[in-house]
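Colleague: Before anything else, here's the structure in question.
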Amino acid sequence: MTIYGNERRLLLDSESETEQLGRELARRAVESESGLVVFLEGDLGMGKTTLSRGVMQGLGHDGAVKSPTYTLVEPYEHLKPRAYHFDLYRLGDPEELEYMGIRDYFSDENLCLVEWPERGQGVLPEPDLEIHLERQGEGRSVVIRARSARGAHLMNELELIGPDH
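Heads up: take any position in the sequence shown, counting from 1, add 945, and you land on the numbering used here.
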């Protein structure tokens, strides 16, 4: 896997800062006028769904954003770009993704956020960005890595919050 550009590291002190990062990611995705695949990595309770909520809010979604743990995917087809939030935590076998037509979601026009992407290994496309969250005191340490030219461009455009470390 190729890493494009440098990774970005930051500390987020609160849930609201995690949502703010998601809104900024959404803003940049809209400006790029192309689809995006983002892998969200981290243990349970690290803020993956909170970050996803910020993305959906940043795209204009007004309602609740829940983790699609049991349904595997939560569609937000009314948004521009269309967005899909995947949670593969309960996935038994990556082949199950083929039965749900997973490849249809990953078009150049859609924004796809994938929690627990390692459980879909071999079936999921390569991401544009990987965002890894882990506990750092009371907050979260975040590492953003570009995995495509599109991801590198977007990552470099992000106006990140919180102190770099």
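C-beta: ideal position from N, C-alpha, C; glycine also.
(1) When DSSP labels each residue in this structure, what does L965 get in the three-state scheme?
(2) Whole angstroms are fine: how far does the CA of L1036 sit from the CA of E962?
(3) Decide if the segment 1080 to 1089 is in contact with the segment 1058 to 1067; the criterion is three or more beta carbon pairs, one per stretch, under 8 Å apart.
(4) So if DSSP puts I1047 in a beta bridge, which residue, or which two residues, is it bridged to?
(5) Check for me: the beta strand (DSSP E) holding E952 runs from which residue to which?
(6) If you pair each beta-carbon of the segment 1037 to 1057 with each one of the segment 977 to 987, do three or more pairs fall below 8 Å?
(7) Note the first and the last residue of the continuous alpha helix (DSSP H) segment covering R998.
(8) Look at the alpha carbon of L1069 and the alpha carbon of E1083, and state the distance between them as a whole number of angstroms.
(9) Where do the N-terminal and C-terminal ends of the alpha helix (DSSP H) with H1098 fall, by residue?
(10) What's the call for H1030, buried or exposed, on a 16-neighbour Cβ count within 10 Å?
(11) Return the CA-CA distance between A1097 and L955, expressed in angstroms with no decimal places.
(12) From H1077 to A1091, what does the alpha carbon distance come to, in whole angstroms?
(13) Using the three-state DSSP reduction, which class does A1009 fall into: helix, strand or coil?
(14) So, is L985 buried or exposed, given that buried needs 16 or more other C-beta atoms within 10 angstroms?
(15) Determine the closest residue to V1000 out of R1064, Y1034 and A971, with distance taken between C-alpha atoms.
Modeller: The relevant details are as follows:
(1) In the sequence shown, counting from the first residue as 1, residue 965 sits at position 20. The sequence shown places Gln at residue 965, rather than the Leu named in the question. Q965: helix per DSSP, three-state reduction.
(2) Taking the first residue of the sequence shown as position 1, residue 962 is located at position 17. Taking the first residue of the sequence shown as position 1, residue 1036 is located at position 91. Straight-line Cα distance between these residues: approximately 29 Å.
(3) no
(4) Taking the sequence shown and counting its residues from 1, one reaches residue 1047 at position 102. In DSSP, I1047 forms no bridge with anything.
(5) Within the sequence shown, residue 952 is the residue found at index 7, counting from 1. E952 -> no beta strand (DSSP E), and no H or E assigned at all.
(6) yes
(7) Here residue 998 refers to the residue found at position 53 of the sequence shown. Its alpha helix (DSSP H) spans residues K993 to G1003.
(8) Locating residue 1069 in the sequence shown gives position 124, where the first residue counts as 1. Locating residue 1083 in the sequence shown gives position 138, where the first residue counts as 1. Approximately 33 Å, taken between the alpha carbons.
(9) In the sequence shown, residue 1098 corresponds to position 153, counting from 1. For H1098, the uninterrupted alpha helix (DSSP H) segment begins and ends at A1094 to E1102.
(10) In the sequence shown, the residue the question calls residue 1030 occupies position 85. Buried is the call here.
(11) Taking the first residue of the sequence shown as 1, we reach residue 1097 at position 152. Taking the first residue of the sequence shown as 1, we reach residue 955 at position 10. Using only the alpha carbons, I get a separation of about 16 Å.
(12) Position 132 of the sequence shown, counted from the start, is the residue given in the question as residue 1077. Position 146 of the sequence shown, counted from the start, is the residue given in the question as residue 1091. Approximately 12 Å, taken between the alpha carbons.
(13) Within the sequence shown, the letter at position 64 stands for residue 1009. Here A1009 sits in coil by DSSP.
(14) For the purposes of this step, residue 985 is taken as the residue at position 40 of the sequence shown. Buried, by the Cβ-count rule.
(15) By one-based count along the sequence shown, residue 1000 stands at place 55. For V1000, the nearest C-alpha among the options comes from A971.
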